[in-house]
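Chains as they are written, first to last, in my numbering: chain A, 277 to 578; chain B, 283 to 863.
Glycine included, C-beta positions come from ideal geometry on N, C-alpha and C.
Keep in mind it's a predicted model, so treat the numbers as computed, not measured.
Please read the structure below before turning to the comments.
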């Protein structure tokens, strides 16, 4: 068996294991030890009584979440927004990468690349404020629309449009960054393939469809599958900055919900339970996605 | 009759003779209230050190040795010991929670929310204060406490009462007056309109404004429905978000009463006609205020400080000197009685003593001293407690160190640039907010929340403004500290906007028009379960009704949903709490 070869081999590698200890210690202290705090999700936690003094309530906090009229609504909103972001965000990145790949003027290519990366580094607190102005009824977007005779659109004040606004603004902010991985994959495509295709008389479109896209497919599959772990991550900061009471019905997500419960209403146990629900679902999906990726594209992290 | 007069005169004479006997030492009979611990004892606590005052603390660490702690040590033999120092209240409260979890609560808990006090009391880590107040508060201190009890309708200790016992000393306070409508009178006169007094008149004014400035904001509102919202609730005697007494004497949640629907109908009409910002629901208070500071609004609802903070019309004034703001009366429907929201609060932050504290009486002794020092300018207290006052009565006068401050200003220094040495501790004891001359001494205590916090009397701020207004109107500034005049309010426009609020409130009947929130206890059990959802529903429904996304009758749906989903339990619990007082 192959596996037998990867023995610990302490004699040879002992010092390497010692060097790993600090990293594991940090991981244990900062990532695993705090997990112990999750016990409050099963309690009626009172800071004064501490973890072991508070009353145990079993799954009451979890039941309460699904009993609330807005519990399932919040889960649905989270799912819709997050999945749309994953699907359309990556699609935009792929198309952008393909387009950029065809640009032959290197200076221009680099300039565009840098420009589209930039929004990724801006905080939503800043960008959110800008969007509120841009998307207002007297903002520049509606101003342009009105030139074509359209009525002002309440991008942030219409419950059916709000998720679209969230997804589109998120794509604007992230697609350049997301394209990096595709551009990297494209740079690995063997130039000989294109040369051979040209000799065979393939035009630009045919080169894209028969060489570039097939070359990208494994990467696309990996990115989408790994994104499974994010189907309940709808983007806390962004929604917190942009949502308002009018769009609660489609805009309130699990993260903003726990934020309000935990930090505005001091319901520690309840928000811990809701957050834990989200993490458990996300955790299961991450395990699933890694298994899928491993099976179909031979990509593995662990 | 004559006898009585003679007797009174004789009494006065005796009092007058007693007056000059002030000394910084208490009389024997009062000694217990001003006891000095020997050897000194230590009281541990947490402190707040605001970032903005970091430079002030250089060499005067809040948790150790500074003018205030030295004064306390000198008078009472109590040494403060800082367990932690934070830069804001929220962090401070978190530190207390952590200390609690670690079973290491300091002797004195400062700035705790009423939730925290109730939770701590339930956990048994706090000391009940009833007997301590009775035993250790000086008559003067008790008098001040009673003033607060009266001013809050007897609810002063209610937020910190647990199972019939008092577990904290609430910090009480509030503005000088409730928020009032503030109009850009320069725009009004341009339109040929007067300040409106009824809703109909307001509508007429807004209509004229909208015609002249189609892109202007007639009435400023924010997404939290804080500002502007109440302006159209008050006329209908509607009191959303607070618990008020119904006709049957039971408490009822104000948002569910039909008067609120009338207010919503008015706001809905305003929105439809374009008098409100079409996107008000996306704007936080700061963002909403931009229309005022950017000179694009007619009317907003604010308090005296709104003239330079939050709405800041001053920014508009600095660009265009013709900008002028004046307060207007609380609107009515038909010229009847005006209504206003409560503006005094009790129990949002509280001071408490750990059950493990060895010398809980020390905190009351310090409080007795602090009140002595703080209220040196309150003539009525000297009439009542003349022979018990430890400090000499001090009338308002220019800052004690005014010469040095003036010299520093002449060098072009302002505000915090003025050297610490000048702004330092120049007289004995902490002073009163009421006196600028004392404020420098007051600083350490204001900024760290040392000790028990009872440094003002109810409506003290109003009295201060009255005095101020008088000086402004008569141009006789001898009665107020000189530093006030040029510190913030050197601009005529701001003065008039501020002072108009006093008239607005007084002419309306002062406190008689104020509706108080009768529920000041910690959230009840069903509140912790349902209030998050119900608040969200309320905010969503009201906003959607105003912007026309829901019909006006959706209000009834909200009320039904409210009572179907926890509101009934909440009402029962709130009334049980109210009955238990």
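Quickly, what does DSSP pair residue i with across the bridge? List them, please.
{"i": "residue 328 (chain B)", "result": "B:366"}
{"i": "residue 632 (chain B)", "result": "B:394, B:452"}
{"i": "residue 501 (chain B)", "result": "B:558, B:581"}
{"i": "residue 534 (chain B)", "result": "B:526"}
{"i": "residue 569 (chain A)", "result": "According to DSSP, which records beta bridges pairwise, residue 569 (chain A) is partnered with nothing at all."}
{"i": "residue 323 (chain B)", "result": "B:360"}
Any C-beta of chain B sitting closer than 8 Å to the C-beta of residue i?
{"i": "residue 341 (chain A)", "result": "no"}
{"i": "residue 380 (chain A)", "result": "no"}
{"i": "residue 293 (chain A)", "result": "no"}
{"i": "residue 516 (chain A)", "result": "no"}
{"i": "residue 476 (chain A)", "result": "no"}
{"i": "residue 446 (chain A)", "result": "no"}
{"i": "residue 560 (chain A)", "result": "no"}
{"i": "residue 531 (chain A)", "result": "no"}
{"i": "residue 352 (chain A)", "result": "no"}
{"i": "residue 552 (chain A)", "result": "no"}
{"i": "residue 541 (chain A)", "result": "yes"}
{"i": "residue 522 (chain A)", "result": "yes"}
{"i": "residue 344 (chain A)", "result": "yes"}
{"i": "residue 301 (chain A)", "result": "no"}
{"i": "residue 419 (chain A)", "result": "no"}
{"i": "residue 413 (chain A)", "result": "yes"}
{"i": "residue 537 (chain A)", "result": "yes"}
{"i": "residue 305 (chain A)", "result": "no"}
{"i": "residue 408 (chain A)", "result": "yes"}
{"i": "residue 432 (chain A)", "result": "yes"}
{"i": "residue 387 (chain A)", "result": "no"}
For chain A, find out if any of its Cβ atoms is closer than 8 Å to the Cβ of residue i; answer yes or no.
{"i": "residue 405 (chain B)", "result": "yes"}
{"i": "residue 811 (chain B)", "result": "yes"}
{"i": "residue 814 (chain B)", "result": "yes"}
{"i": "residue 303 (chain B)", "result": "Note that residue 303 (chain B) scores a pLDDT of 40, beneath 50, so its modelled location is shaky; the value from the coordinates is reported in the next line. For residue 303 (chain B), the answer is no, since every Cβ of chain A falls outside 8 Å of its Cβ."}
{"i": "residue 491 (chain B)", "result": "no"}
{"i": "residue 560 (chain B)", "result": "yes"}
{"i": "residue 564 (chain B)", "result": "yes"}
{"i": "residue 640 (chain B)", "result": "no"}
{"i": "residue 822 (chain B)", "result": "yes"}
{"i": "residue 826 (chain B)", "result": "yes"}
{"i": "residue 818 (chain B)", "result": "yes"}
{"i": "residue 360 (chain B)", "result": "no"}
Only counting the same chain, and skipping five residues up and downstream in sequence, which positions put a Cβ closer than 7 Å to that of residue i?
{"i": "residue 811 (chain B)", "result": "848"}
{"i": "residue 548 (chain B)", "result": "481, 514"}
{"i": "residue 331 (chain A)", "result": "319, 320"}
{"i": "residue 615 (chain B)", "result": "480, 481, 517, 518"}
{"i": "residue 534 (chain A)", "result": "547, 550, 551"}
Just confirm the distance between the C-beta atoms of residue i and residue j, as a whole number of angstroms; I'd bet it's less than 8 Å.
{"i": "residue 429 (chain A)", "j": "residue 418 (chain A)", "result": "6 Å"}
{"i": "residue 736 (chain B)", "j": "residue 649 (chain B)", "result": "6 Å"}
{"i": "residue 844 (chain B)", "j": "residue 538 (chain B)", "result": "6 Å"}
{"i": "residue 385 (chain A)", "j": "residue 374 (chain A)", "result": "No, residue 385 (chain A) and residue 374 (chain A) are not in contact; Cβ-Cβ is about 13 Å, not under 8 Å."}
{"i": "residue 875 (chain B)", "j": "residue 388 (chain B)", "result": "With chain B covering 283 to 863 only, the question about residue 875 (chain B) has no answer from this structure."}
{"i": "residue 358 (chain B)", "j": "residue 651 (chain B)", "result": "6 Å"}
Within the same chain, show all residues whose beta-carbon is closer than 6 Å to that of residue i, passing over the 5 residues directly before and after it, in chain order.
{"i": "residue 452 (chain A)", "result": "392, 393"}
{"i": "residue 513 (chain A)", "result": "400"}
{"i": "residue 623 (chain B)", "result": "460, 512"}
{"i": "residue 435 (chain A)", "result": "523, 525, 526"}
{"i": "residue 503 (chain A)", "result": "362"}
{"i": "residue 859 (chain B)", "result": "803"}
{"i": "residue 806 (chain B)", "result": "855"}
{"i": "residue 744 (chain B)", "result": "458"}
{"i": "residue 324 (chain B)", "result": "361, 363"}
{"i": "residue 565 (chain B)", "result": "504, 505"}
So, at 8 Å on beta carbons, what are the nonlocal neighbours of residue i in its own chain, with the 5 sequence-adjacent residues on each side left out?
{"i": "residue 226 (chain A)", "result": "No information on residue 226 (chain A) is available, as it lies outside the stretch 277 to 578 that chain A covers here."}
{"i": "residue 617 (chain B)", "result": "479, 480"}
{"i": "residue 870 (chain B)", "result": "What is shown of chain B runs 283 to 863, which leaves residue 870 (chain B) out entirely."}
For the region 422-494 of chain B, which segments carrying the beta strand (DSSP E) assignment without a break, of at least 3 residues, lie completely within its bounds, in sequence order? 451-456, 462-466
Just to confirm the assignment: which complete alpha helix (DSSP H) runs, minimum length 4, are found wholly within the region 579-636 of chain B? 595-601
4 or more residues per run - each alpha helix (DSSP H) lying fully within the region 824-856 of chain B: 836-844
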